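Participant:
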Amino acid sequence: MSIALILRRTRLEHGISQLELAGRLDVSQRHVSFLESGRALPSRGLILAWMAELGVPVSVRNAALLQCGFALPQPDEDTQGAEAHLVREAVRRTLEAHLPHPGLAFDADWKTVEQNRGARWLSSVVMPGLWRTAGGGGMGLDIITAIGHPQGLLSRAREPEATAAALLTQLRAETWSRPALASRVEWLARALERRYPGRMPERGRAVGVPYFSFVFDTEFGALSFEVMQSVFALPQDVTPASLRVEMWFPRDRATAEAMARHVPLQPAPQVP
Numbered sequence: 075m076s077i078a079l080i081l082r083r084t085r086l087e088h089g090i091s092q093l094e095l096a097g098r099l100d101v102s103q104r105h106v107s108f109l110e111s112g113r114a115l116p117s118r119g120l121i122l123a124w125m126a127e128l129g130v131p132v133s134v135r136n137a138a139l140l141q142c143g144f145a146l147p148q149p150d151e152d153t154q155g156a157e158a159h160l161v162r163e164a165v166r167r168t169l170e171a172h173l174p175h176p177g178l179a180f181d182a183d184w185k186t187v188e189q190n191r192g193a194r195w196l197s198s199v200v201m202p203g204l205w206r207t208a209g210g211g212g213m214g215l216d217i218i219t220a221i222g223h224p225q226g227l228l229s230r231a232r233e234p235e236a237t238a239a240a241l242l243t244q245l246r247a248e249t250w251s252r253p254a255l256a257s258r259v260e261w262l263a264r265a266l267e268r269r270y271p272g273r274m275p276e277r278g279r280a281v282g283v284p285y286f287s288f289v290f291d292t293e294f295g296a297l298s299f300e301v302m303q304s305v306f307a308l309p310q311d312v313t314p315a316s317l318r319v320e321m322w323f324p325r326d327r328a329t330a331e332a333m334a335r336h337v338p339l340q341p342a343p344q345v346p
């Protein structure tokens with residue numbers, strides 16, 4: 075579908091005349107007519123204004139931007155409102171359905187926005203000191219800090235150097251599209267080098283591979299997981315602001331049994 079047809083259809087579907095829309099966008103009716111007939115091409119700003127004025131779904135907005143070769147919105151531009159609330163609710167339900175196994179969601183800044191009970195229990199076991207400092211709720215936990223902290227995510231991990239290198243590779247690649255991460259990622263690189271001087275592999279896993287493994291030595295025995303990351307959105311909706319969902323899957327029977335034993339499928343009842 076051409077950009078001209080996208081613009082025309084979105085206007086007609088909302089029952090707005092060319093003249094009314096032109097007034098809202100502070101352009102001439104002639105320019106709107108030229109855009110809808112394909113005689114002129116819209117700027118990126120005009121596409122964003124057109125879609126925002128009509129309340130068009132983010133998937134249609136992104137399709138229009140991509141049709142013209144424009145970049146999708148950065149986090150500070152993306153204001154999805156009610157649609158973002160629906161995504162959060164869907165993510166929350168997905169994480170609950172993954173119980174008793176750990177699941178979490180984090181934002182573009184690598185700060186958690188949702189954790190299920192499995193993730194909270196595992197965090198309390200593998201990084202108890204940092205978890206207590208964070209309040210134990212898991213909301214807003216800085217994952218980059220948790221990776222680099224001496225009492226953080228790697229403190230009870232087997233082969234932490236390889237895991238650290240894999241995570242650092244991923245984070246450095248993400249700074250290409252999310253420059254705001256750069257200073258924190260470089261802090262992490264220095265922290266890991268101090269912690270594992272000369273012992274980290276030069277390269278982690280290949281950039282773009284969405285899964286990796288963790289093995290932790292804990293008071294409950296060895297807990298082994300395969301971890302998979304995905305983005306909760308349609309392909310055309312993915313932006314640097316998209317929520318990341320991370321699912322942890324037991325790699326052996328002992329880990330699965332430990333999770334089932336310590337993480338209830340239903341929350342404990344509240345004592346009046």
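Residue numbering for the sequence shown follows the working numbering, beginning at 75 and increasing consecutively. All C-beta atoms, glycine included, are put in the ideal place defined by N, C-alpha and C. Bear in mind the structure is a predicted one, so any value in this text is a computation, not a measurement.
1. Between V134, H105, L120 and E188, which has its C-alpha nearest A114's C-alpha?
2. For a test of the three-state rule: what should DSSP assign to E188, helix, strand or coil?
3. Residues in its own chain within less than 6 angstroms of L196 by CB, not counting five upstream and five downstream?
4. Leaving out five residues on either side along the sequence, give the residues of the same chain with a beta carbon under 6 angstroms from the beta carbon of R232.
5. What are the complete beta strand (DSSP E) segments, minimum 3 residues, inside the region 242 to 269?
6. Please list the terminal residues of the continuous beta strand (DSSP E) segment that includes F288.
7. Evaluate E110 with the Cβ neighbour count: other Cβ atoms within 10 Å of its Cβ, from every protein chain shown; 16 or more gives buried, anything less gives exposed.
8. To the nearest angstrom, report how far apart L317 and L79 are at their CA atoms.
9. So who's on the other strand from Q180, going by DSSP bridges?
10. Just grab the DSSP bridge partners of D216 for me.
11. Per DSSP, what kind of secondary structure is G295 in: helix, strand or coil?
12. Nearest-angstrom Cα distance between T153 and G129?
13. Can you tell which of Q103, G143 and L95 has the C-alpha that lies nearest to the C-alpha of I77?
14. Rounded to the nearest angstrom, what separates A182 and R252 at their Cα positions?
15. Find the nearest neighbour of W184 within the set W124, L297 and L241, judged by alpha-carbon distance.
16. Distance check for L178 and R167, CA to CA, integer angstroms please.
17. Since V187 and L227 should fall inside the 8 angstroms C-beta cutoff, what is the C-beta to C-beta distance between them, to a whole number of angstroms?
18. Which whole-angstrom value is the C-beta distance of E235 and Y270, which I expect to be below 8 angstroms?
19. Going by beta carbon distance, what residues of the same chain come within less than 8 angstroms of F323, once the five residues before and after it are set aside?
20. Assuming G295 contacts A254 under a Cβ cut-off of 8 angstroms, what Cβ separation, rounded to an integer in Å, is found between them?
21. Would you kindly report the start and end of the unbroken alpha helix (DSSP H) that includes G112?
22. Helix, strand or coil: which one does DSSP assign to V130?
23. Looking at R98: is its Cβ nearer than 8 angstroms to the Cβ of E127?
24. If you measure between the beta carbons of L204 and Q225, is that distance less than 8 angstroms?
25. Under a Cβ-count criterion, where at least 16 other Cβ atoms within 10 Å of its own Cβ denotes burial, should H223 be classed as buried or exposed?
26. With DSSP as the reference, please indicate the residues paired to A231 in a beta bridge.
27. Spatial neighbours of G192 within its chain, please: C-beta separation below 8 angstroms, excluding the five flanking residues on both sides.
28. Just curious, the alpha helix (DSSP H) that G97 is in, first and last residue?
Facilitator: Let me spell this out:
1. The sequence position of residue 114 within the sequence shown is 40, counting from 1. Checking every option, the nearest Cα to that of A114 belongs to H105.
2. The residue given as residue 188 occupies position 114 in the sequence shown. In the structure shown, E188 sits in a strand (DSSP, three-state: E or B).
3. To locate residue 196, count along the sequence shown from 1; it is residue 122. Within the same chain, L196 has close Cβ partners P176.
4. Position 158 of the sequence shown, counted from the start, is the residue given in the question as residue 232. Here the set comprises V289.
5. none
6. By one-based count along the sequence shown, residue 288 stands at place 214. Y285 to T292 is the extent of the beta strand (DSSP E) around F288.
7. Your numbering for residue 110 matches position 36 in the sequence shown. Result: buried.
8. By 1-based counting over the sequence shown, the position of residue 317 is 243. By 1-based counting over the sequence shown, the position of residue 79 is 5. Each residue's Cα considered, the two are about 30 angstroms apart.
9. In the sequence shown, the residue the question calls residue 180 occupies position 106. Looking at the sequence provided, one finds Phe at residue 180 rather than Gln. Note: F180 sits in a beta bridge opposite T186 and R318.
10. Here residue 216 refers to the residue found at position 142 of the sequence shown. Partner(s): K185.
11. Here residue 295 refers to the residue found at position 221 when the sequence shown is read from its first residue. G295: strand per DSSP, three-state reduction.
12. Looking up residue 153 in the sequence shown gives position 79. Looking up residue 129 in the sequence shown gives position 55. Low confidence applies here, because T153 scores a pLDDT of 46, under 50, leaving its location unreliable; read the following figure in that light. Computed Cα separation, rounded: 11 angstroms.
13. Taking the first residue of the sequence shown as 1, we reach residue 77 at position 3. Cα-wise, what sits closest to I77 is G143.
14. Counted from its first residue, the sequence shown places residue 182 at position 108. Counted from its first residue, the sequence shown places residue 252 at position 178. Distance between the alpha carbons of A182 and R252 is about 8 angstroms.
15. Against the sequence shown, residue 184 aligns to sequence position 110. Of the candidates W124, L297 and L241, the one whose C-alpha sits nearest the C-alpha of W184 is L241.
16. Taking the sequence shown and counting its residues from 1, one reaches residue 167 at position 93. Taking the sequence shown and counting its residues from 1, one reaches residue 178 at position 104. Each residue's alpha carbon lies about 11 angstroms from the other.
17. Along the sequence shown, read from residue 1 onward, the residue named residue 187 stands at position 113. Along the sequence shown, read from residue 1 onward, the residue named residue 227 stands at position 153. In fact, because the Cβ distance is near 17 angstroms, the residues do not count as touching under 8 angstroms.
18. Numbered from 1 along the sequence shown, position 161 holds the residue referred to as residue 235. Numbered from 1 along the sequence shown, position 196 holds the residue referred to as residue 270. Contact holds; Cβ gap of about 5 angstroms.
19. Here residue 323 refers to the residue found at position 249 when the sequence shown is read from its first residue. Answer for F323: H175, F299, E300, V301 and M302, listed in chain order.
20. The count along the sequence shown starts at 1 and reaches residue 295 at position 221. The count along the sequence shown starts at 1 and reaches residue 254 at position 180. Going by Cβ atoms, the distance from G295 to A254 rounds to 40 angstroms, so no, they are not a contact pair.
21. Position 38 of the sequence shown, counted from the first residue, corresponds to residue 112. Here G112 belongs to no alpha helix (DSSP H), and DSSP marks it neither H nor E.
22. What you label residue 130 is simply residue 56 of the sequence shown in a count that begins at 1. Looking at V130 - three-state DSSP - the assignment turns out to be coil, as it is neither helix nor strand.
23. Here residue 98 refers to the residue found at position 24 of the sequence shown. Here residue 127 refers to the residue found at position 53 of the sequence shown. Yes. Within cutoff.
24. Taking the sequence shown and counting its residues from 1, one reaches residue 204 at position 130. Taking the sequence shown and counting its residues from 1, one reaches residue 225 at position 151. Yes.
25. Numbered from its first residue, the sequence shown carries residue 223 at position 149. Buried: at least 16 other Cβ atoms inside 10 Å.
26. Within the sequence shown, residue 231 is the residue found at index 157, counting from 1. Answer is F290.
27. Against the sequence shown, residue 192 aligns to sequence position 118. Within the same chain, G192 has close Cβ partners H172, L173, P174, H175, P176, G177, W322, M333 and V337.
28. Reading the sequence shown from its first residue, position 23 is the one you call residue 97. Unbroken alpha helix (DSSP H) run through G97: Q92 to L99.
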